[in-house]
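Protein chains in written order, with our numbering: chain A, 47 to 160; chain B, 17 to 125.
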């Protein structure tokens with residue numbers, strides 16, 4: 047069974063540009079979550095989608111947005127990039143249970159903003 | 017500020033020694049998960065604990081969930097170089113995982 051696939055693996059962008067990251071979850075999983083990982087802040091929750099609906103959102107500015115398609119694939123968009131957005135962006139896939147869920151992570155997209 | 021506090025932040029031990037990593041919070045979680053992450057890769061799930069007081073053993077790894085479901089520990093017996101990595105605990109509530117800052121474990125051969 048294929049794991050979580052994130053594309054691209056690496057990305058270099060200039061300040062002010064926008065970027066779109068993609069995540070394909072494990073087949074059958076309906077929940078996709080996004081996390082930002084930096085050396086200073088660790089892993090921070092961005093948002094979670096289940097059946098195309100956002101169920102929870104972290105404390106990030108509105109420049110960070112996401113969506114989920116009917117096939118459960120998800121995209122994350124960051125507009126007006128800042129240097130501080132340089133990070134490893136991780137996507138996690140799960141069944142989407144209310145009380146307990148086991149999340150399986152992709153390898154991440156390493157975004158560098160210059 | 018991390019919702020979950022992990023300690024220690026760094027741990028360097030010799031092969032064959034034992035180690036324990038702690039994860040504490042003032043919040044109650046519906047479940048708690050432990051992950052291991054290697055450089056340049058995403059975290060890999062090791063275990064999920066759900067019931068207060070639960071103890072799970074996976075080969076040389078023992079995981080414990082506190083009675084009040086606020087804290088957890090990970091104990092590795094007879095550590096091996098392959099155990100080297102960043103160990104992360106994460107509490108699950110409201111469809112999101114809140115992560116600790118992680119413990120970097122280095123096992124020297």
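Cβ atoms here follow ideal geometry from the backbone N, Cα and C, with glycine treated the same way.
Residue 100 (chain B) versus residue 77 (chain A) - alpha carbon distance | 30 Å
Can you list the beta strand (DSSP E) stretches of 3 or more residues lying completely in the stretch 39-125 of chain B, in chain order?
-> 47-53, 60-65, 71-74, 77-81, 87-92, 101-109, 112-115, 119-124
Which partner residues does residue 133 (chain A) have in the DSSP bridge list?
-> A:157
Using DSSP with H/G/I as helix, E/B as strand and the rest coil, what is residue 115 (chain A)?
-> coil
So, does the CB of residue 111 (chain B) fall closer than 8 Å to a CB anywhere in chain A?
-> yes
With 8 Å set as the bound, which would you pick, yes or no: does the beta-carbon of residue 167 (chain A) sit closer than that to a beta-carbon of chain B?
-> Any question about residue 167 (chain A) goes unanswered here, given that chain A covers just 47 to 160.
Own chain partners of residue 144 (chain B) with C-beta closer than 8 Å, once the 5 adjacent residues on each side are dropped = Within the shown structure, residues of chain B are numbered from 17 to 125, placing residue 144 (chain B) beyond reach of any answer.
Using 10 angstroms around the beta-carbon of residue 51 (chain B), count the other beta-carbons present and answer buried if the total reaches 16, otherwise exposed.
-> buried
Name the DSSP bridge partner or partners of residue 127 (chain A)?
-> In DSSP, residue 127 (chain A) forms no bridge with anything.
Along chain A, in chain order, which residues have C-beta atoms closer than 8 Å to that of residue 74 (chain B)?
-> Those do not exist, as residue 74 (chain B) stays about 14 Å from chain A at its closest Cβ, beyond 8 Å.
Cβ-based neighbour list, residue 125 (chain A), same chain, cut-off 6 Å, excluding 5 preceding and 5 following | 64, 109
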